[in-house]
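J.: I have a structure here, written as structure tokens, and I will follow up with some questions on it.
Number of protein chains: 2
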Amino acid sequence: MSAYCLATYRSFDEKADFHKKATSIAVGLTVGSWTELPEAQKAQMEKHLGKVISVEVHEPAPGEAASSRYADITIAYPDVNFSRDIPALLVTVFGKLSMDGKIRLIDLSFSSDFLSGFSGPKFGMQGVRDLLGVHDRPLLMSIFKSVVGYELLALREQFYLQAAGGVDLIKDDEILFENPLTPLEKRIEICLEAAEQATQLTGQKLLYAVNLTGSTSKLAAQAKKAIAAGANALLFNVLAYGFDVLHELSSDPEITIPIMAHPALAGATYPSPHYGISPSVLLGKLMRLAGADLVLFPSPYGSVVMPREENLAIKHVLLTKNLHQDYAYNASSDAILKLAASFPVPSAGIHPGLVPHILRDFGSDVIVNAGGGIHGHRMGTIAGGHAFRQAIDATLQGISLRDYAQTHPELQSAIDTWGTPE
Amino acid sequence: MSAYCLATYRSFDEKADFHKKATSIAVGLTVGSWTELPEAQKAQMEKHLGKVISVEVHEPAPGEAASSRYADITIAYPDVNFSRDIPALLVTVFGKLSMDGKIRLIDLSFSSDFLSGFSGPKFGMQGVRDLLGVHDRPLLMSIFKSVVGYELLALREQFYLQAAGGVDLIKDDEILFENPLTPLEKRIEICLEAAEQATQLTGQKLLYAVNLTGSTSKLAAQAKKAIAAGANALLFNVLAYGFDVLHELSSDPEITIPIMAHPALAGATYPSPHYGISPSVLLGKLMRLAGADLVLFPSPYGSVVMPREENLAIKHVLLTKNLHQDYAYNASSDAILKLAASFPVPSAGIHPGLVPHILRDFGSDVIVNAGGGIHGHRMGTIAGGHAFRQAIDATLQGISLRDYAQTHPELQSAIDTWGTPE
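Chains as they are written, first to last, in this note's numbering: chain A, 1319 to 1740; chain B, 1319 to 1740.
And the structure:
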């Protein structure tokens, strides 16, 4: 019995016959031609032929522009046509098709067979919580304020102030590459020394995600160098290197620390309504499939905005227990494969007043990630961390931030600065 | 003296202060903050600071929508901030920024220093011509009709018919991955045997670009396996793997055959006017920088359409002698670095009647690439190749296709089928 991976597209066209278009995709991206084949050959080629699963046409409502006419088309692609890697799947389902008019890849479903080539996140959400020993609350992460051009001691000071405020994770800036001022191994040494110092104050553990950069073929060696220097997490600009590179890194048994996926360059692909790949595929399913333990994506709250429903779709696919959808032609499969959940990290524009909104949208399985909302606190960076932890505590206890702030001056000051949109 | 790479963006906003936005990009994507720095520190950080080179605001004309207001903003990024690799450059100039509203990366210029990390195409246009021994005309390439699910003998027959018609290059389908029916080494063996047979008829040499697929870390070994099996060219789905992977493959001294870059997935990034990366950067400058000897891109002639001016922009950056623009702050540099030209291959929807248009737009330095325009010829695939060669000959001799067709029945038949838009 053949298995299939499914791709769903949103295709815009004022007058196309979308059913015909669906058939042309199913045939064109698999066996190439069908109706003119002799019957004997059809029998032989059947297992390679794509299938049209559904075509939902959305005619424009009265008053809507004709250009808003679209159809959601789902095609099943036989696994037998492509190898068990993300480049092969993407080139099959959206290689040539991506260039064929107004069309957007809005969903992907993987067969059990395809999924069997992927072990997923090595740590995942649970593993990251285990490393930190924190299971009862959302985690707090912070981002360096300025790093390019700064020396080790400046980085150390920034790091210490963030850590001392009670954050659980600190990430490098994604634009910090290998450089003579703060080279990888020295950076790890001095930052983890600062982490140790902060731990004496806070009693907390901390993960520092150091930026993994350089030539593709040297990334694994660079990661192992970082691990040898004591690194306990990696940051990786996945889209600058490709999902397969993340997959190979996350599958490497010698890379024994969590990998945090940064969404740099994702905005070149997801924001247009007519083109590209939806965020839940690009920053959701593919990141988890490729083995990201933590995934950053633009939050719906701040300056770099993604609509809330798209955020929730990312969250769903990072956390859901069943990241596959078997499609066996004329049959169904109940095989279940599970990949560890990836920790969702909605980012950008986050301040303490937004914490109740983040927890309402994400529950406790989220990392609250802040930059300016910590460094820009009027009472200093340490107080910035405290204000966030207080906002998290208040929300978990069901107390309004304004009430809690009456006895917590750091939170009060944050609310005075940035407000709380309740 | 510092050197800089330049990025130009088209930023859309109904009322933004674009000059302020430009400054915020130049500072935010480099040193992080500037105005609040002490003067002593400014002196030290100056060499890491991005510079606003130009801001050209385009106000909507009367009657145009306010949403059409945009500015073209050019920022210079100090080379000292990033390593000499494409991921570092792209993450710096369009990592976070890609997610910040309606903004599109429309140009990139590389400093001599950055370019010094790249040796460019190993063969380039001239090297490909030398391999084929053809210097006096545009080349002709053809694409298999159907490959997925077919066996070796069927591929061999398709190959022979294409080759016997006088094409110079044949490429694998980009969706043909490693598979049991037509595995890489067997495919090379049987196709090159067919090429040899055709050469006895045509007296021509031929390059067969075999699709390089699989896990990223094994691509170089796979390429060498292909070369050992006799392969004389490679096809590569660059965007599914990342530009750095192409760069590493093209720089590998043991990969001694030309690499043809396929644009699969490019449509996820270039078509929107408001987001993404322009074709001349994505399929032009970055492909050449990464070392593609031949570059396929959607033609402006056929079904998968790209506007003609964007095609000409790709052509320009693939062929121009000077692929760099030095920007030394308060100084100019006359250093000149040259990368070999990449052969432009406008593709999709090409039939013989379009040859005069292709040659008018591209001159002789182009590869005419056809699929259905060869296989769909009423007199057969061999005649399909002949019709194209006749169209090329006629155009080079300044004879109209209709006149030439009077004594060339294959061309006449092609014109009868597809017309000639003269």
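Here a beta-carbon is modelled for each residue, glycine too, at the ideal position from N, C-alpha and C.
(1) Whose CA, out of A:F1441, A:E1496, A:G1483, A:V1485, lies closest to the CA of V1466 (chain A)?
(2) Cα-Cα, which of B:V1485, B:G1560, B:A1358 is closest to L1557 (chain A)?
(3) Taking the CB atoms as reference points, tell me whether L1502 (chain B) and A1538 (chain B) lie closer together than 8 Å.
(4) Give me the subset of the stretch 1653-1677 of chain A whose CB atoms are less than 9 Å from a CB atom of chain B, sorted by chain position.
(5) Cβ closer than 8 Å: which chain A residues qualify as neighbours of E1357 (chain B)?
(6) Expressed to the nearest angstrom, what Euclidean distance is found between the alpha-carbon atoms of Y1322 (chain B) and F1432 (chain B)?
(7) Does the separation of the CB atoms of D1611 (chain B) and K1440 (chain B) fall below 8 Å?
(8) Give a yes or no on whether the minimum CB-CB distance between K1463 (chain A) and chain B is below 8 Å.
(9) Of all the CB atoms in chain B, is at least one closer than 8 Å to the CB of T1713 (chain A)?
(10) Where does the unbroken alpha helix (DSSP H) through H1580 (chain B) begin, and where does it stop?
(11) Would you mind telling me which residues of chain B sit closer than 8 Å to I1577 (chain A), beta carbon to beta carbon, in chain order?
(12) Within the same chain, show all residues whose beta-carbon is closer than 6 Å to that of I1654 (chain B), passing over the 5 residues directly before and after it, in chain order.
(13) Strictly under 8 Å for the Cβ-Cβ distance: is I1493 (chain A) near chain B by that measure?
(14) Please name the residue, chosen from A:R1455, A:D1403, A:L1423, that lies closest to F1436 (chain A) on a Cα-to-Cα basis.
(15) Output the distance between the C-alpha atoms of G1419 (chain B) and Q1730 (chain A), rounded to the nearest integer angstrom.
(16) Residues of chain B with a CB under 8 Å from the CB of P1581 (chain A): which are they?
(17) Threshold first: 3 residues or longer. Then list the beta strand (DSSP E) segments lying entirely within the stretch 1506-1552 of chain B, N to C.
(18) Candidates B:S1464, B:S1460, B:V1375: which alpha carbon is nearest A1482 (chain B)'s?
(19) Are the CB atoms of V1370 (chain B) and A1389 (chain B) nearer to each other than 8 Å?
(20) Along chain A, which residues have their Cβ under 7 Å away from the Cβ of D1403 (chain B)?
(21) Residues of chain A with a CB under 7 Å from the CB of M1443 (chain B): which are they?
(22) Taking only beta-carbon positions, decide if D1335 (chain A) is within less than 8 Å of chain B.
(23) Please tell me whether E1566 (chain A) has its Cβ less than 8 Å away from any Cβ of chain B.
(24) Of the residues that make up the stretch 1534-1568 of chain A, which ones have a beta carbon closer than 7 Å to any beta carbon in chain B?
(25) Terminal residues of the continuous beta strand (DSSP E) containing N1687 (chain B)?
(26) Would you tell me roughly how many angstroms separate the C-alpha atoms of P1727 (chain B) and H1695 (chain B), rounded to the nearest one?
(27) Which residues in the same chain as W1736 (chain B) place their Cβ atom closer than 6 Å to its Cβ, once the five residues preceding and following it in sequence are excluded?
(28) Since I1595 (chain A) meets chain B, which of its residues come closer than 8 Å, beta carbon to beta carbon?
(29) H1634 (chain B): which of B:G1681, B:A1666, B:G1620, B:G1667 sits nearest, CA to CA?
(30) Could you confirm whether any beta carbon from chain A is found closer than 8 Å to the beta carbon of S1351 (chain B)?
(31) So, helix, strand or coil for S1341 (chain A), using DSSP?
(32) Can you name the start and end residues of the beta strand (DSSP E) that E1475 (chain B) belongs to?
(33) Determine the direct distance from the alpha carbon of S1372 (chain A) to that of A1325 (chain A), and round the result to whole angstroms.
(34) Between H1693 (chain B) and the rest of its own chain, which residues show a CB-CB distance below 7 Å, the 5 nearest in sequence each way excluded?
(35) Report the option in A:A1659, A:G1381, A:A1384, A:A1358 whose CA atom is closest to the CA atom of K1603 (chain A).
(36) Kindly say whether Y1647 (chain B), judged by its beta-carbon, lies nearer than 8 Å to any beta-carbon of chain A.
T.: According to the data block:
(1) A:E1496
(2) B:G1560
(3) no
(4) A1666
(5) The premise fails here: E1357 (chain B) is roughly 15 Å from chain A at the closest Cβ pair, so nothing lies under 8 Å.
(6) Distance from the CA atom of Y1322 (chain B) to the CA atom of F1432 (chain B), rounded to whole angstroms, is 8 Å.
(7) yes
(8) yes
(9) no
(10) Run containing H1580 (chain B): none in the alpha helix (DSSP H); it sits in the beta strand (DSSP E), 1577-1580.
(11) What I1577 (chain A) touches in chain B: nothing, since even the nearest Cβ is about 15 Å away.
(12) A caution first: I1654 (chain B) carries a pLDDT of 38, below 50, which makes its placement in the model too unreliable to give a value.
(13) yes
(14) A:D1403
(15) 31 Å
(16) M1417
(17) Those beta strand (DSSP E) runs which fall completely within the stretch 1506-1552 of chain B and span 3+ residues are 1525-1530.
(18) Comparing alpha carbon positions, the residue from B:S1464, B:S1460, B:V1375 closest to A1482 (chain B) is B:S1460.
(19) no
(20) Going along chain A in sequence order, the residues near D1403 (chain B) (Cβ under 7 Å) are G1532, S1533.
(21) Neighbours of M1443 (chain B) on chain A: none; closest Cβ ~23 Å, over 7 Å.
(22) Not closer than 8 Å to any Cβ of chain B, the Cβ of D1335 (chain A) fails to qualify, so no.
(23) yes
(24) T1534, S1535, N1555, A1558, Y1559, G1560, D1562, V1563, E1566
(25) That run of the beta strand (DSSP E) goes 1685-1688.
(26) Going by the C-alpha atoms only, they are around 11 Å apart.
(27) H1669, G1671
(28) A1586
(29) For H1634 (chain B), the nearest C-alpha among the options comes from B:G1681.
(30) yes
(31) For the sequence presented, residue 1341 (chain A) should be read as Thr rather than Ser. In the structure shown, T1341 (chain A) sits in a helix (DSSP, three-state: H, G or I).
(32) It is not in any beta strand (DSSP E) - E1475 (chain B) instead sits in the alpha helix (DSSP H) that spans 1470-1482.
(33) 11 Å
(34) K1463, T1699, G1702
(35) A:A1659
(36) Unreliable positioning characterises Y1647 (chain B) in this predicted model, as indicated by a pLDDT of 47, which lies under 50. A coordinate reading is not provided.
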